[in-house]
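Residue numbers for the sequence shown follow UniProt numbering, beginning at 1 and rising by one. Every residue, glycine too, gets a C-beta built ideally from N, C-alpha and C. Notes for the one structure printed next.
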Amino acid sequence: MKKSYSVYSSVLGKVPGWLMPGLLLAAAAGCQNETEVLPNEGPAYYPLEVGAYRIYDVADTSWRNNVPTASRFQFREQVEAELSPDATGQPVYRIVRSRRATATDAWAMDSVLTVTVGAQHLTEQRNNRRSVELVFPVREDKVWNINAFNAQDTIIAENRFYRNVGQPFSITRGGKVYSFDNTVTTINDVAVEVNAAYTTILRTTFAKGTGPVYRVRRRFFHCDNTGALGCNPSLNYQGQSRSEVLIESGK
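Below, the structure is given as structure tokens:
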């Protein structure tokens, strides 16, 4: 896979502008030298239907000088509309994320994202930054660049992996067990991004026919600001941990 990416990087500066989108798509999808043709069931892991919603229980903890501050709330993500197709003719959906403190409170709008479903990948756009959340077909250990459409990484970066493709997944929240028969998990390169200085864990589990059912975001800095104490991976001088568990979905 490294070889195929280096080919793209060597020619990016030499190709006409109209060829660039095609090269970006190839880079985002990772290895493209496989000849086997399989049914593309990837979009089923992120179904999009106008009016459909998902409600998540959110546990959020922020850290400052190794002191945690915890909070709990709920997110609702609802597919509000199918927008006009993008420049390549791919369908685009507008999703409204709302927030409330408890299950008895009214929802208040939090943010808006758009999701684009292509033949090779599915992308989310939040806060004007587009990320490649899934690549197709979904296969164990497949790797890609989540930032292929933004400036966070180079075009040849490999920073997302598939794990546990087609496997069942269960999680307990609030004393209740939530189980899903067929899932896939995406995760960042923890071998590089978990070390003595900092920890970054970005994980999402998608259930077929349901969508994202579990999200984890952990970012910690283990070095004190003064430099006097050095770095200690058991201490979180600054950071945040957030997990989102799907507790309800419907239309």
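For residue i, the three-state DSSP class (helix, strand or coil)
i	result
Y237	coil
Y53	strand
E34	Per-residue confidence for E34 stands at a pLDDT of 49, beneath the threshold of 50, marking its modelled position as unreliable; the derived number appears in the next sentence. Correct three-state label for E34: coil.
A207	strand
Y46	coil
P137	coil
A59	strand
A246	In the sequence as displayed, the identity of residue 246 is Leu instead of Ala. Reduced to three states, the DSSP call for L246 is strand.
Residue i: first and last residue of the uninterrupted alpha helix (DSSP H) it sits in
i	result
A87	Taken as a continuous stretch (DSSP letters only), A87 belongs to no alpha helix (DSSP H), as it is neither H nor E.
residue 259	The chain is shown only over 1 to 251; residue 259 falls outside these bounds and no answer can be derived.
Within 8 Å, strictly: CB atoms of residue i and residue j
i	j	result
S243	V216	yes
W107	R76	yes
Y45	K208	yes
I146	V132	yes
V79	A52	yes
F136	N40	yes
residue 253	E158	Outside the shown range of the chain, which is 1 to 251, sits residue 253, and nothing can be said about it.
N54	G211	In the sequence as presented, Asn is not what sits at residue 54; that position holds Arg. Yes.
T183	F206	yes
T185	N164	yes
R129	L113	no
Of the listed residues the options, nearest to residue i (C-alpha basis)
i	options	result
T116	I95, R99, Q240, F221	I95
R64	M109, L122, G239	G239
Rounded distance between the beta-carbons of residue j and residue i, thought under 8 Å
i	j	result
L246	V213	4 Å
Proximity test, residue i beta-carbon vs the ligand GDP heavy atom, cut-off 7 Å
i	result
R129	What this structure holds is no ligand at all, so the ligand GDP is not there to describe.
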